[in-house]
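Accompanying notes for the structure given below.
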Amino acid sequence: MSEGTVTLRSRKYMNNRLLQRRQFVLDVIHPAKANVPKAELKEKLAEKFKTDKDRVAVFGFRTHFGGGRSTGFALIYDNEEAQKRFEPKYRLIRDGLAKKVERPTRKLRKERKNRQKKFRGTAKVKAAEPPKKGK
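At position 1 of the sequence shown (counting the first as 1) the number is 5 in the working numbering, and the numbers step up by one without a gap.
Dropping the structure here:
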């Protein structure tokens, strides 16, 4: 093997019609490399399985002791709808298929809740805003 050669081997291949995907354990052999970027793995898998690289999800990679080998999991979805339906939200965000919901920090949410507990009725809305500084 030449410098930088990466070999992919799939094990436990399964056509999962219920989730509209192909799934398998992926062994990556990468001598003379610390590890292989997931983007590169997606491209190679898309080429090998004749599909779009955006439909490929790779995750859970662990490098074996001594390096040179990694094992992880790969999913190849049939279409984008199936991927959005069955793939966990955090992996969709990681792959750029969903937007991350921006919300206040946990501490701010708890402080707002506790301020609201001190009021009744419509005053709760005013209590939700943080107290003004200087008063």
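Quick reminder that beta carbons are idealized off the backbone N, C-alpha and C, glycines included.
query = Around the Cβ of residue 59, are there at least 16 other Cβ atoms within 10 angstroms (buried) or fewer (exposed)?
reply = buried
inquiry  = Which residues does DSSP list as the beta-bridge partners of residue 20?
reply    = 25
Cβ contact (3+ pairs, closer than 8 angstroms) linking the stretch 108-124 and the stretch 70-85 = no
ask   = For residue 82, which three-state DSSP category applies?
value = coil
Nearest candidate by alpha-carbon position, reference residue 22, set 29, 109, 86 and 64 = 86
ask   = Going by other Cβ atoms of all chains shown within 10 Å of its Cβ, with 16 needed for buried, is residue 38 buried or exposed?
value = exposed
key: Three-state secondary structure assigned by DSSP to residue 123   = coil
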